[in-house]
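Residue numbers (this note's numbering), protein chains in the order written: chain A, 9 to 193; chain B, 9 to 193.
There are 2 protein chains.
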Amino acid sequence: MEKLYFITGNKGKFKEAKIMLRPLNIKLIQTDIGYPEIQASDLKEIVLFSINFCNERLKSPFFLEDSGLFIDELNSFPGPYSRYIQDTIGNDGILKLLLNVNNRSAYFKSIVGLYKNGPHIFEGISRGIISNEILGHGGFGYDPIFIPEKSPKSFGEMTTIEKNKFSHRGRALEKLVTYLESGVE
Amino acid sequence: MEKLYFITGNKGKFKEAKIMLRPLNIKLIQTDIGYPEIQASDLKEIVLFSINFCNERLKSPFFLEDSGLFIDELNSFPGPYSRYIQDTIGNDGILKLLLNVNNRSAYFKSIVGLYKNGPHIFEGISRGIISNEILGHGGFGYDPIFIPEKSPKSFGEMTTIEKNKFSHRGRALEKLVTYLESGVE
């Protein structure tokens, strides 16, 4: 069986990917080798730099993923630095920044970068709104404050399988699966 | 006269450096070649990566600088991503996050990375507090909301010469000047 590495230290992301890649005849392996991410406002630029870096070290096909939450009223904050900002001010900080703000539109973006006979980029977007309070304890990061379009629930209130249907990462991983099945990007 | 490049697109920083380096018999030149900065919570790691990158492109001695504001109550936010966060939520966002927060302690850190016969790192720190409102229009970035210790004024209310006496970057540049004069780090 063909092996494919997912370079991530995030168990939640690996769990999501494992479910999405089930239809493929591939052995998905989690590996947590560190790699540099550059500072850039464009996630694609960050992922391309990282996969080219990893390709010089890892000689098997692999992918990695970067994602961010982009809030309209906050000029795309927290954007590419979503993880650091989650670790410092957290969801309470986001809710405080949006106190008395009417426009709560936001989107999550996921970029999956695959290296297999060259670099390949797959993008997934999930639009929605920031809730007024913490909703649910599922998922990770900003999940409990993000309600995707056409859903009554936040990501934090969904199971992993439900979330994959709506989520940015689910959509990017779906494109990865299609590509690995058919070779069409 | 010996030439030294300061790689920056920030006119405010160049102005500060030009004043600090006056005692030296050196021609300071601003150059705005782009370079990658990695994502890391440690500014030294960011600067070391960048100066090694630039050294492969620029064959003359140069330095660059990275700085950040670290707010105690916000777990070091905005930290290494101070510029992006300034460009998105700005000083109003910081004040909103600190609304009704008593502990307003913060520090600015500056790392100057010189490449001259190898890499050299100089650190400067300025401790102080975040003000309750915008104070002054001088400087740039977070200057109007930061009041350094032993000063009645914010950085935004100071002239460049005054600010250099108190500032993190002034202190890091002072170490750079001492090194360039004496060769002692």
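By construction, the Cβ of each residue, glycine as well, lies at the ideal position given by its N, Cα and C atoms.
Within chain B, no C-beta atom comes nearer than 9 Å to that of Q94 (chain A); the closest sits roughly 10 Å away. For the stretch 58-77 of chain B, no residue has a beta-carbon sitting nearer than 8 Å to a beta-carbon of chain A.
Contact between L105 (chain A) and L77 (chain B) is absent: CB atoms are separated by about 17 Å, not below the 8 Å threshold.
Each residue's CA atom was taken as its position, placing N60 (chain B) and N111 (chain A) some 43 Å apart.
By the neighbour-count definition (other C-beta atoms within 10 Å, threshold 16), D100 (chain B) is an exposed residue.
Cβ-Cβ distances below 7 Å link I54 (chain A) to E45, I46, A48, D74, P88 in the same chain, with the five nearest sequence neighbours on each side left out; the list follows chain order. Contacts with chain A at 8 Å (Cβ-Cβ) do not include P127 (chain B). For P160 (chain B), the nearest beta carbon of chain A is not closer than 8 Å to its own beta carbon. Under the three-state reduction of DSSP, T167 (chain B) is assigned to coil, being neither helix nor strand. Bounds of the alpha helix (DSSP H) holding G98 (chain A) are 98-105.
With respect to the C-alpha of I37 (chain B), the residue from B:K52, B:Y43, B:K21, B:L51 having the closest C-alpha is B:K21. Along the stretch 70-139 of chain A, the beta strand (DSSP E) occurs as fully enclosed runs of 3 or more residues at 70-79, 113-123, 127-138, listed in sequence order. For T186 (chain B), the enclosing alpha helix (DSSP H) starts and ends at 176-190. Annotation for E165 (chain A): L143, G144, G146 place their beta carbon closer than 7 Å to its own, counting only its chain and skipping 5 residues before and after. Under the 8 Å criterion on CB atoms, G17 (chain B) is classed as non-interfacial with respect to chain A.
Annotation: the continuous alpha helix (DSSP H) that includes K21 (chain A) extends over 19-28.
Residues of chain A whose Cβ lies closer than 9 Å to the Cβ of F130 (chain B) do not exist; the shortest such Cβ separation is about 21 Å. Relative to C62 (chain B), the option among B:G42, B:I79, B:L51 whose CA is nearest is B:G42. Under the Cβ distance rule, S84 (chain A) counts among the residues neighbouring chain B, one pair being separated by less than 8 Å. V109 (chain B) is classed as exposed because its beta carbon has fewer than 16 other beta carbons within 10 Å across all chains shown. Counting C-beta atoms within 10 angstroms of its own C-beta, K117 (chain B) has 16 or more neighbours from the protein chains shown and is therefore classed as buried. DSSP links E141 (chain B) through a beta bridge to no other residue. With fewer than three CB-CB distances shorter than 8 Å, the stretch 128-141 of chain B does not count as touching the stretch 118-134 of chain A. Distance check between F148 (chain A) and each of A:K183, A:P127, A:S159, A:S90 places A:S90 closest, using alpha-carbon atoms only. Per DSSP, the beta-bridge partners of K11 (chain B) are B:K35. For P156 (chain B), the three-state secondary structure derived from DSSP is strand.
The shortest C-alpha to C-alpha distance from Y123 (chain B) to any of B:M9, B:S58, B:T16, B:M28 is the one to B:S58.
When DSSP reads this structure, I46 (chain B) sits in a beta bridge with A:I46. What Y89 (chain A) touches in chain B, judged by beta-carbon distance under 8 Å, is Q47, Y89, Y92, I93, going in chain order. When DSSP states are grouped into helix, strand and coil, I54 (chain B) belongs to the helix group. In the same chain as S159 (chain B), and ignoring 5 residues on each side of it, the C-beta atoms closer than 7 Å to its own belong to F174, in chain order. Residue contact with chain A for K104 (chain B): present (Cβ-Cβ distance below 8 Å to some residue of chain A). By a beta-carbon distance limit of 8 Å, F70 (chain B) does not contact I79 (chain B). Their separation comes to about 31 Å. Scanning A:E24, A:I27, A:I102, A:G178 for the CA closest to the CA of E141 (chain A) turns up A:I102. In the structure shown, the three-state DSSP call for K173 (chain A) is helix. If you check the CB distance, A114 (chain B) and G98 (chain B) do not come in under 8 Å.
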